[in-house]
């Protein structure tokens, strides 16, 4: 043990004072200052508190006294919240999350800790899950790890230091999971942005159609109160990638509502499979690829792909794309939007009735848009182009029906400063921005 002497009235100006004034030194053990200590930290250390100030920990137990004990032991080191029983725990995860770590007791009424943590895993897959129990049961531990993907299994009584160290390890695991997820999401966003920009350069009409259907897909999802629509919107944006492989004359016929001959129909029906094959090569986009595959499938099971799926067995995203794509084809042929919805209703068995009703709601709201003519500089995000945008040299840049986004304005600016644009531009402006809650993938 290192020792150091602290002299209360001892040294003054480098000399000891008179013996009459001298006070014996007080001997105290020497300690590392603050957070520099290389040894074990106590549960209230400032360094731990700094590390976890934005990462919440939830304890779930049916005994309020146990929960109060966790609060007393750990509140200085961690941002601790508690929930009495599994039902309150699930409510907390839904309403107050995300939590970095959730610690549950094993033995609770109505729902045991294994079932509870399995539900937590469904609601918040990134959250690290731990189990605390007074029963040292090997079978329960194995079941908890397998079903709830439990990170740690601790037995009660669990002293404060052991519990604190387990929470620290849980927080480290949570940060690793989040860092990996953020890296993957950045990679995905970059890949999607590259693909959509390639489509916009190689085939503005295909890109225009993709942009139009993304807007309708997003608005239908809003009406249906769907959550986590990123995958759905991404599928809509990439649904026309396969059209790059099709002859330009075939695409012009399709996007302007003209009839195709049998050979052209056969070639066109291949584009969803081409797009899906491209997209599924990107990690974590397998679900997006499946939606793209089923964009031509009717609700009654007819159409492509020719398999046994029908009704709700067809991916929801595929059912939405089918409605929106057929609607867009009619509008591109010159059919008014309200009339296009009525035409879709005349095709029994083709569409999911709930999705078709949602489209009708979207079109009704859209009918209240104002038509305005603006200059390029007056374009703002959320406006909808009511006509094609051309350069002064008669190059088509953007097709009618697309929502104005930052990416579009950036692209138009480059052409406006070089070859010039035909102005004014006719746009639709909503009375109210019902659907201004998000942007299509790749637009930023």
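Residue numbers (the UniProt record's numbering): 1 to 444.
All C-beta atoms, glycine included, are put in the ideal place defined by N, C-alpha and C.
CA nearest to the CA of residue i, picked from the options
i	options	result
residue 330	129, 119 and 254	254
residue 362	323, 424 and 241	323
residue 428	409, 373 and 392	373
residue 124	178, 168 and 169	178
residue 242	275, 260 and 54	275
residue 153	172, 104 and 56	104
residue 159	73, 417, 385 and 314	73
residue 445	280, 357 and 109	An answer regarding residue 445 cannot be provided, because it is not within the stretch 1 to 444 covered by the chain.
residue 325	393, 256, 118 and 168	256
residue 101	64, 55 and 67	55
residue 77	167, 97, 113 and 96	167
residue 387	394, 126, 226 and 402	402
residue 171	423, 245 and 79	79
residue 98	375, 358, 126 and 381	126
residue 339	286, 314, 121 and 367	367
residue 244	263, 209, 226 and 258	209
residue 227	180, 310, 163 and 316	316
residue 198	273, 91 and 240	240
residue 111	381, 365 and 89	89
residue 305	249, 334, 266 and 122	266
residue 395	75, 383, 202 and 155	202
Proximity of residue i and residue j at Cβ, strictly below 8 Å
i	j	result
residue 379	residue 425	yes
residue 449	residue 165	Since the first residue shown for the chain is 1 and the last is 444, residue 449 is missing from the structure and cannot be characterised.
residue 389	residue 377	no
residue 232	residue 291	yes
residue 67	residue 84	yes
residue 307	residue 350	no
residue 207	residue 173	no
residue 214	residue 320	no
residue 237	residue 196	yes
residue 328	residue 212	yes
residue 246	residue 205	no
residue 336	residue 184	no
residue 415	residue 391	yes
residue 404	residue 385	yes
residue 86	residue 57	no
residue 375	residue 423	yes
residue 268	residue 260	yes
residue 120	residue 93	yes
Residues bridged to residue i (per DSSP)
i	result
residue 373	426
residue 384	403 and 428
residue 389	398
residue 297	303
residue 421	391
Same chain only: Cβ atoms within 7 Å of residue i, ignoring 5 sequence neighbours per side
i	result
residue 191	282
residue 289	276, 279 and 280
residue 200	207
residue 71	80 and 82
residue 393	419
residue 303	296 and 297
residue 312	none
residue 381	404, 405 and 406
Residues near residue i by beta carbon distance below 8 Å, same chain, minus five either side
i	result
residue 354	224
residue 341	327, 356, 359, 360 and 363
residue 333	256, 257 and 258
residue 413	376
Cut-off 6 Å between Cβ atoms - residues of its own chain near residue i, not counting five sequence neighbours on either side
i	result
residue 430	369
residue 182	none
residue 50	For residue 50, the pLDDT reaches just 43, beneath the cut-off of 50, and the residue's location in the model is therefore unreliable, although a value from the coordinates is still provided. Excluding residues within five positions, none has a Cβ falling inside 6 Å.
residue 347	none
residue 450	An answer regarding residue 450 cannot be provided, because it is not within the stretch 1 to 444 covered by the chain.
Chain D contact for residue i (CB, 8 Å cutoff)
i	result
residue 150	This model lacks chain D altogether; it includes just one protein chain.
Run through the UniProt domain "Response regulatory" (56-171) for me and flag every whole alpha helix (DSSP H) of 4 or more residues, listed as ranges in chain order. Unbroken alpha helix (DSSP H) runs of no fewer than 4 residues, entirely contained in the UniProt domain "Response regulatory" (56-171), are found at 64-74, 86-96, 113-123 and 138-148, following chain order.
Would you list, in sequence order, the uninterrupted alpha helix (DSSP H) runs of no fewer than 4 residues that lie entirely inside the region 179-257? With a minimum length of 4 residues, the continuous alpha helix (DSSP H) runs that stay inside the region 179-257 are 204-223, 230-238 and 248-255.
Ignoring anything shorter than 3 residues or poking outside the region 311-375, list the beta strand (DSSP E) runs there in chain order. As far as the region 311-375 is concerned, its whole beta strand (DSSP E) runs of at least 3 residues are 370-374.
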